[in-house]
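Numbering (the numbering used here), first residue to last: 9 to 161.
This is the structure in structure tokens:
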């Protein structure tokens, strides 16, 4: 039995999204453990949520030892940072749901998490894109450093 076949059985049992839709968002097509498909999907979801959280953390609470993070943080005004914090709250609520599912470690809990994330992820992703675009756009513009960065090494 392939992972896709194992997932399709669980899909019918728990009314889950399609394998392809889930794979498009969380790259599950290369999962190899058909005995624990939903657990493996949960781990992929955790990875993606962690990636998204790192983007927001750069805006809201940058690492002062990272020139990249400090520079990117400066691209955003207080209103942007407030919006990022609201997005961060939504991301962290999902992240903690994955933590709970990890601890409970039940197939049904994983299935409910997958449905919740697939419902919320498009909105979260839509909220992340403007922040990433702003970062990208600022990096593409040649900037002359005008502020004192202080000691960097």
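In this text, a Cβ means the ideal position worked out from N, Cα and C, and glycines have one as well.
From a predicted model like this one, the values you see are computed outputs, not experimental measurements.
Exercise. When you compare each of 20, 14, 67, 94 to residue 48 by their alpha carbons, which one comes out closest?
Worked result: Taking the Cα of residue 48 as reference, the smallest distance to any Cα among 20, 14, 67, 94 is reached at 14.
Exercise. What first and last residue would you give for the alpha helix (DSSP H) that runs through residue 119?
Worked result: 115–148
For this session: Report, in whole angstroms, the separation of the C-beta atoms of residue 42 and residue 11, which I expect to be a contact under 8 Å.
Result: 5 Å
Exercise. Would you call residue 118 buried or exposed, if buried means 16 or more other Cβ atoms sit within 10 Å of its Cβ?
Worked result: That one is buried.
Problem set entry | Rounded separation between residue 146 and residue 77 - CA only | 13 Å
For this session: Would you check if the distance between the CB atom of residue 132 and the CB atom of residue 94 is smaller than 8 Å?
Result: Against a cut-off of 8 Å, the Cβ pair of residue 94 and residue 132 comes out as no contact.
Exercise. Which two residues bound the contiguous alpha helix (DSSP H) that contains residue 9?
Worked result: Residue 9 -> no alpha helix (DSSP H), and no H or E assigned at all.
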